[in-house]
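Working notes, structure below.
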Amino acid sequence: MTAALRLSGVTVERGGQPVVEALDLSVPQGSWFGVIGANGSGKTSLLRALAGRLPFAGGSCRIEDQELAADRAARAARFGFAPPGDTLPDALRVRDVLECVGGTMEEVRARTGSVYAALGLGALLDCWIGDCSAGMRQRVAIAAAFAGGHRLVILDEPFNWLDPVAVFDLRRALRQQVEDGLTLITALHDLGTLAAACDTGLMLAGGKIAMTLSHDMLRAAGADPHAFEQRMIEILRS
Numbered sequence: 001m002t003a004a005l006r007l008s009g010v011t012v013e014r015g016g017q018p019v020v021e022a023l024d025l026s027v028p029q030g031s032w033f034g035v036i037g038a039n040g041s042g043k044t045s046l047l048r049a050l051a052g053r054l055p056f057a058g059g060s061c062r063i064e065d066q067e068l069a070a071d072r073a074a075r076a077a078r079f080g081f082a083p084p085g086d087t088l089p090d091a092l093r094v095r096d097v098l099e100c101v102g103g104t105m106e107e108v109r110a111r112t113g114s115v116y117a118a119l120g121l122g123a124l125l126d127c128w129i130g131d132c133s134a135g136m137r138q139r140v141a142i143a144a145a146f147a148g149g150h151r152l153v154i155l156d157e158p159f160n161w162l163d164p165v166a167v168f169d170l171r172r173a174l175r176q177q178v179e180d181g182l183t184l185i186t187a188l189h190d191l192g193t194l195a196a197a198c199d200t201g202l203m204l205a206g207g208k209i210a211m212t213l214s215h216d217m218l219r220a221a222g223a224d225p226h227a228f229e230q231r232m233i234e235i236l237r238s
């Protein structure tokens, strides 16, 4: 299968110290790739570097077979990326934020597809961001990642702050987007979602890969989620 993304030996630094070290990974095109790990394992730093929000301190980053390790702006242009919900500007309405990213609301609706309905965005468009709850802000941030029409999207803990119905609907919509050709990379804390939704993935610990999660491994995990959870927790504890 064609790789949408290949990393080889990449390092990410924060404050001059490595937080991701000599990491290799490959993400197949049109798949859902999950990144899991304890707090401080390097998940967010890795995703922010992929999306051009942080530099790579070393290594190779090939996106659709183009080397972009040294070009943060080009990486940012390739990925749809959800900003932290608490950074959205209070003085704008939801529709203003989405139109800044995706043009007219008709274009935004077309680009977000099934995600638009899953997030219940129609009822939020005229809300001021400053009046939005954490869950509402999370919905807007996720929608912003899709509003630009990117075929590669990065979401960092997308199910945080969402109620159970929204989690169910969003997970199903994301799966449909992947089936339609989207390449999706998500950081997750939920082992159940990792097992049930992701095609491949990895576990990070201390900025390094603790385990590569193959397609076969995750399919087996979906069949016996309790055994998978127990194994993953044992590795995370260690």
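Once you know that position 124 of the sequence shown is 124 in the UniProt record's numbering, the rest is easy, because the numbers rise by one and skip nothing.
Ideal Cβ placement from N, Cα and C applies to all residues, glycine included.
A quick note: this is a predicted structure, and the numbers were derived from the prediction, not measured.
Contact belief for R78 with L7 at Cβ below 8 Å, rounded distance in angstroms: Actually they are not in contact, since the Cβ atoms of R78 and L7 sit about 14 Å apart, beyond 8 Å.
So L184 is in the beta strand (DSSP E); what residue range does that whole segment cover? 183-188
Would you kindly work out how many angstroms separate the C-alpha atoms of S60 and R72, rounded to a whole number? 13 Å
Fully enclosed by the stretch 171-226, which beta strand (DSSP E) runs are 3 residues long or longer? 183-188, 200-205, 208-213
Beta-ladder partner(s) of R14, from DSSP: Q17
Going by DSSP in three states, A91 sits in which element: helix, strand or coil? Looking at A91 - three-state DSSP - the assignment turns out to be coil, as it is neither helix nor strand.
Would you report the Cα separation of S31 and L5, rounded to the nearest angstrom? Whole-angstrom Cα-Cα distance: 11 Å.
May I ask you to report which of helix, strand or coil DSSP gives E234? helix
Within a Cβ cutoff of 8 Å, which residues of the same chain sit near R93, ignoring the five residues on either side of it in sequence? Cβ within range, chain order: L125, D126, C127, W128, I129.
Starting from the N-terminal side, write out each stretch of the beta strand (DSSP E) that is 3 residues or longer and does not extend beyond the stretch 46-73. 58-63
Option in S114, R53, F146 with minimal Cα separation from A166: S114
When A82, L188, H189, T200 are compared against A147, the one with the closest alpha-carbon: A82
Between which residues of its own chain and V178 is the CB-CB distance below 8 Å, once the five residues before and five after are set aside? Excluding five sequence positions before and after V178, the CB atoms of its chain that fall closer than 8 Å to its own CB belong to G30, S31, W32, L184, D199, given in chain order.
On the DSSP letters alone, give me the boundaries of the alpha helix (DSSP H) that F146 sits inside. 134-147
Looking at the secondary structure, which residues open and close the beta strand (DSSP E) in which D156 lies? 152-156
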